[in-house]
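Notes for the one structure printed next.
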Amino acid sequence: MIPITTYQDKGVAVFGLGRTGLSAVRALVAGGADVLVWDDDPNRRLAAKELGARAAEPLAEAWDGIAALVLSPGVPLTHPQPHPVVALADSLGAEILGDVELFARGKPACKVAAITGTNGKSTTTSLLHHILIEAGVRSQAGANLGHPVLDFDVLDQSAAYILELSSYQIDLTSGLRPDAVALLNISPDHLDRHGGMDGYVAAKRRLLEMAGPDVPLIIGGDDEYSSRICQDMYAKGRKVVEIAVGRAIAEGIFVQDGLLQRAGYEDAITDLSNIDTLQGPHNWQNAAAAFGLAEAFGLSETQILHGLRSYPGLPHRMEIVARVDNVLFVNDSKATNAEAAAHALAVYDDIFWIAGGIAKQGGIHSLAPYNGKIRRAYLIGEAAPSFAEFLNGRVKHEISGRLVTAIQAAYKAASKSGGVVLLSPACASFDQFTSFEARGDQFRALAQEIAGNDSNGSSRRVAGGAL
0 MIPITTYQDK
10 GVAVFGLGRT
20 GLSAVRALVA
30 GGADVLVWDD
40 DPNRRLAAKE
50 LGARAAEPLA
60 EAWDGIAALV
70 LSPGVPLTHP
80 QPHPVVALAD
90 SLGAEILGDV
100 ELFARGKPAC
110 KVAAITGTNG
120 KSTTTSLLHH
130 ILIEAGVRSQ
140 AGANLGHPVL
150 DFDVLDQSAA
160 YILELSSYQI
170 DLTSGLRPDA
180 VALLNISPDH
190 LDRHGGMDGY
200 VAAKRRLLEM
210 AGPDVPLIIG
220 GDDEYSSRIC
230 QDMYAKGRKV
240 VEIAVGRAIA
250 EGIFVQDGLL
260 QRAGYEDAIT
270 DLSNIDTLQG
280 PHNWQNAAAA
290 FGLAEAFGLS
300 ETQILHGLRS
310 YPGLPHRMEI
320 VARVDNVLFV
330 NDSKATNAEA
340 AAHALAVYDD
350 IFWIAGGIAK
360 QGGIHSLAPY
370 NGKIRRAYLI
380 GEAAPSFAEF
390 LNGRVKHEIS
400 GRLVTAIQAA
410 YKAASKSGGV
420 VLLSPACASF
430 DQFTSFEARG
440 DQFRALAQEI
450 AGNDSNGSSR
460 RVAGGAL
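Each residue of the sequence shown is one higher than the last, beginning at 0 in numbering that gives the first Met the number 0.
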């Protein structure tokens, strides 16, 4: 835990007591703050009280005198409209911030890498963490991925913190001064929380602007929004390392046909297509970003390549969870929008596709180029009727409703000729599951049950790892 002493002997309210909120309570109490908390869940309020906080409903008379409000990233700050607690804090003259801003004010003097982007953040974060650990550099990774930042250990100057940051977290942060930053890509997502695409792009850009003028900025240039930011940062004289996939660039790091290359050099650094856990152009972008960040932290090419080649992958990201003869089960539950689902659809053929949940803006229209790779679609959740309407006349499909029904039907069809039963929903999970992890865990369990109980007497095995 990183104690936060900024508010010693001052009142601080923490609103939202999930993992992030409770970590803020621990850090603030340890730093001597008088911590008030609120969450609609009484069990969470009790957990915070056991940490030394006082539960107080967000009313002016109860919160009068607070110096700050620590807001959960899930609570609307500005759009679609500010949560009432935001207006209350403003009326009380309290600053509004998140746990990452608290971390920025209290962190030890060791290096920090900050990673953002619509897709690929978690893989890049975990990959960089793995590379550093394999190179003997003590590091901890978290924020939007895994551990809340305030639950990190206090590390010395030789160590590193690696932060995966969402746009929500960036909105609540102003004083982070990272030592290296990566902006992977930008595509439409969370638009309701940012008032449209301009607000979403601005949030991502703010992370780059928080970094000092000499800080390496690793920026993907393959989409129009990130490319525009990349060129603007070049024009401002910033220390930009552009990354690209599928095309050569004049400066930076790029990947063509799986070959990781440095601009201006004839020989490739390595062939990423030979690394099972880094398959597909999206993972090549992640690998290029992690390579650039690791170099910014002083690692040698040899050290970085060792980490790339030994990377075990992440759950729920094109994770191979089972095989039964010629049927492969792939858990890509983390694909919560069409842009993310496209990556898995691009890698595989003969796909029996399980999709649906709570649709994002644009639905699955952008996935039309992959229709020819899909043998049949099995639609679940709230989006099933609208997805079915779009797929009519394009892709054979059926409305399964529930994941258990979908995977059973998909396996029955795939077992006749072979193929890939792919959960890549292109949707959020909250209509039927508590998280994308819960959705992926159920898919994995169902697939492994099928693999273990296959009644055809065929060879079968349960698989782990990611492709």
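Ideal Cβ placement from N, Cα and C applies to all residues, glycine included.
Every value quoted in this text rests on a predicted model; they were computed, and no experiment measured them.
Query raised in the report: Hey, how far is the Cα of V60 from the Cα of R316?
Result: Looking up residue 60 in the sequence shown gives position 61. Looking up residue 316 in the sequence shown gives position 317. Per the sequence shown, the amino acid found at residue 60 is Glu instead of Val. When rounded, the distance between both Cα atoms is 47 Å.
Query - Per-residue DSSP class, three states only, for E94 - result: As a first step, residue 94 must be located in the sequence shown, where it is residue number 95. Strand.
**Report entry** Reduced DSSP secondary structure (H/G/I, E/B, other) of Y310
**Finding:** Taking the sequence shown and counting its residues from 1, the one referred to as residue 310 is at position 311. The answer is coil: DSSP assigns Y310 none of H, G, I, E or B.
Query raised in the report: Terminal residues of the continuous alpha helix (DSSP H) containing S225?
Result: Mapped onto the sequence shown, residue 225 falls at position 226. That run of the alpha helix (DSSP H) goes E223 to A234.
Report task. Enumerate in chain order the residues of its own chain whose CB-to-CB distance from S457 is below 8 Å, with the five nearest sequence positions on each side excluded. Result -> Sequence index remark: in the sequence shown, residue 457 carries index 458 (1-based). Here S457 scores only 42 on pLDDT, less than 50, and its place in the model should not be relied on; the value that follows carries that caveat. So the qualifying residues of the chain are V323 and D324.
Query raised in the report: Buried or exposed: which applies to H193, given that a residue is buried once 16 or more other Cβ atoms fall within 10 Å of its Cβ?
Result: Here the question's residue 193 lines up with position 194 in the sequence shown. The residue in question, H193, is buried, as its Cβ has 16 or more Cβ neighbours within 10 Å.
Query raised in the report: Does the beta-carbon distance from V394 to A376 come in below 8 Å?
Result: Working through the sequence shown from its first residue, we reach residue 394 at position 395. Working through the sequence shown from its first residue, we reach residue 376 at position 377. One thing to note: V394 has its Cβ within 8 Å of the Cβ of A376.
Query raised in the report: So, is Q441 buried or exposed, given that buried needs 16 or more other C-beta atoms within 10 angstroms?
Result: Locating residue 441 in the sequence shown gives position 442, where the first residue counts as 1. It is buried - the Cβ of Q441 has at least 16 other Cβ atoms within 10 Å.
Query raised in the report: Going by the CB atoms, is the gap between I406 and V420 shorter than 8 Å?
Result: Start at 1 with the first residue of the sequence shown, and residue 420 comes out as number 421. Start at 1 with the first residue of the sequence shown, and residue 406 comes out as number 407. Contact: yes.
Query - For A376, the first and last residue of its enclosing beta strand (DSSP E) - result: Along the sequence shown, read from residue 1 onward, the residue named residue 376 stands at position 377. Looking at the DSSP string, the run of the beta strand (DSSP E) that includes A376 is I373 to I379.
Requested in this report: Give a yes or no on whether the C-beta atoms belonging to L277 and L307 are separated by under 8 Å.
Outcome: Position 278 of the sequence shown holds residue 277. Position 308 of the sequence shown holds residue 307. In contact: L277 and L307 (Cβ atoms closer than 8 Å).
Query raised in the report: Should I373 and W352 be called a contact, given that it needs their Cβ atoms to be closer than 8 Å?
Result: Your numbering for residue 373 matches position 374 in the sequence shown. Your numbering for residue 352 matches position 353 in the sequence shown. Yes, these two residues count as a Cβ contact at 8 Å.
Requested in this report: Determine the extent of the beta strand (DSSP E) in which L327 is found, giving its start and end residues.
Outcome: Sequence index remark: in the sequence shown, residue 327 carries index 328 (1-based). Here the beta strand (DSSP E) through L327 covers V326 to N330.
Query raised in the report: For the ligand NAP, any of its heavy atoms closer than 7 Å to the Cβ of I379?
Result: Of the ligands one can find in the structure shown there are none, so the ligand NAP has no counterpart to examine.
Query raised in the report: Quick one: Cα of P368 to Cα of G257, how far?
Result: Taking the sequence shown and counting its residues from 1, the one referred to as residue 368 is at position 369. Taking the sequence shown and counting its residues from 1, the one referred to as residue 257 is at position 258. The alpha-carbon atoms of P368 and G257 are separated by roughly 21 Å.
Query - Counted within 10 angstroms of its Cβ, other Cβ atoms place S454 as buried (16 or more) or exposed - result: As a working note, residue 454 is residue 455 in the sequence shown. Confidence is the limiting factor: at S454 the pLDDT is only 46, short of 50, which leaves the residue's position unreliable, though a coordinate-based value still follows. The residue is exposed, with fewer than 16 neighbouring Cβ atoms inside 10 Å.
Query raised in the report: For the candidate residues L16, A32 and E56, whose alpha-carbon lies nearest to that of R43?
Result: Taking the first residue of the sequence shown as position 1, residue 43 is located at position 44. That would be L16, whose Cα lies nearest to the Cα of R43.
Query raised in the report: What three-state label does DSSP hand H281 in the structure shown?
Result: Translated into positions along the sequence shown, residue 281 becomes position 282. In the three-state DSSP reduction, H281 falls in the helix class (H, G or I).
**Report entry** Residue nearest to G31 in terms of C-alpha spacing, selected from R227, A54, I268 and Q7
**Finding:** The count along the sequence shown starts at 1 and reaches residue 31 at position 32. Sorting R227, A54, I268 and Q7 by C-alpha distance to the C-alpha of G31 places Q7 at the top.
Requested in this report: Ignore the nearest five residues each way along the sequence and tell me which others in N330's own chain have a CB closer than 7 Å to its CB.
Outcome: In the sequence shown, residue 330 corresponds to position 331, counting from 1. Closer than 7 Å at the Cβ level, and outside the excluded window around N330, lie H315, E318, V320, L422, G439, F442 and R443.
Query raised in the report: Per DSSP, what kind of secondary structure is A113 in: helix, strand or coil?
Result: On the sequence shown, position 114 is the one that residue 113 refers to. It is a strand residue.
Report task. Given a cut-off of 8 Å, decide if A66 and K106 are closer than it, judged by their beta-carbon atoms. Result -> Stepping through the sequence shown from its first residue, residue 106 is reached at position 107. Stepping through the sequence shown from its first residue, residue 66 is reached at position 67. Going by C-beta atoms, K106 is not nearer than 8 Å to A66.
Query raised in the report: By how many angstroms is the C-alpha of G312 removed from the C-alpha of G464?
Result: On the sequence shown, position 465 is the one that residue 464 refers to. On the sequence shown, position 313 is the one that residue 312 refers to. Here the model assigns G464 a pLDDT of 43, short of 50, so the residue's position is not dependable and the matter cannot be decided.
Query raised in the report: Does DSSP put D266 in a helix, in a strand, or in coil?
Result: Locating residue 266 in the sequence shown gives position 267, counting from the first residue. Residue state for D266 is assigned as coil, using DSSP reduced to three classes.
Requested in this report: Return the residue from the list D191, L182, P212 and L175 that minimises the CA-CA distance to I242.
Outcome: Taking the first residue of the sequence shown as position 1, residue 242 is located at position 243. Comparing alpha carbon positions, the residue from D191, L182, P212 and L175 closest to I242 is L182.
**Report entry** Minimum C-alpha distance to N118 - residue among A158, E163 and V85
**Finding:** If you number the sequence shown from 1, residue 118 lands on position 119. By alpha-carbon distance to N118, the top candidate from A158, E163 and V85 is E163.
Report task. Please classify L466: is it buried, with 16 or more other beta-carbons within 10 angstroms of its beta-carbon, or exposed? Result -> Locating residue 466 in the sequence shown gives position 467, counting from the first residue. Its pLDDT being 36, under 50, L466 is placed unreliably in this model, and the coordinates cannot settle the point.
Query - Cα-Cα separation between L96 and S166, rounded to whole angstroms - result: Residue 96 sits at position 97 when you count from the first residue of the sequence shown. Residue 166 sits at position 167 when you count from the first residue of the sequence shown. The alpha-carbon atoms of L96 and S166 are separated by roughly 14 Å.
Query raised in the report: At which residues does the beta strand (DSSP E) containing L422 begin and terminate?
Result: Here residue 422 refers to the residue found at position 423 of the sequence shown. Run containing L422: G418 to L422, per the beta strand (DSSP E) assignment.
**Report entry** Alpha-carbon to alpha-carbon, G355 and A287
**Finding:** Position 288 of the sequence shown, counted from the first residue, corresponds to residue 287. Position 356 of the sequence shown, counted from the first residue, corresponds to residue 355. Spanning the two alpha carbons is a distance of roughly 31 Å.
Query raised in the report: Which parts of the stretch 143–218 are runs of the alpha helix (DSSP H), unbroken and 4 residues or longer, counting only runs that do not cross its ends?
Result: 166–170, 190–193 and 196–209
Query raised in the report: When you compare only the Cα positions, how much space is there between Q263 and N370?
Result: Counted from its first residue, the sequence shown places residue 263 at position 264. Counted from its first residue, the sequence shown places residue 370 at position 371. Note that residue 263 is Gly in the sequence shown, not Gln. Roughly 38 Å between the two C-alpha positions.
**Report entry** The beta strand (DSSP E) enclosing S399, as first and last residue numbers
**Finding:** The sequence position of residue 399 within the sequence shown is 400, counting from 1. For S399, the enclosing beta strand (DSSP E) covers residues H396 to G400.
Requested in this report: Would you mind reading off the limits of the beta strand (DSSP E) that contains E318?
Outcome: Position 319 of the sequence shown, counted from the first residue, corresponds to residue 318. That run of the beta strand (DSSP E) goes E318 to V323.
Query raised in the report: Where do the N-terminal and C-terminal ends of the alpha helix (DSSP H) with A61 fall, by residue?
Result: As a first step, residue 61 must be located in the sequence shown, where it is residue number 62. Where A61 is concerned, the enclosing alpha helix (DSSP H) stretches over A59 to W62.
Query raised in the report: If you follow the alpha helix (DSSP H) that D275 is part of, which residue opens it and which one closes it?
Result: Your numbering for residue 275 matches position 276 in the sequence shown. Where D275 is concerned, there is no enclosing alpha helix (DSSP H), given that its DSSP letter is neither H nor E.
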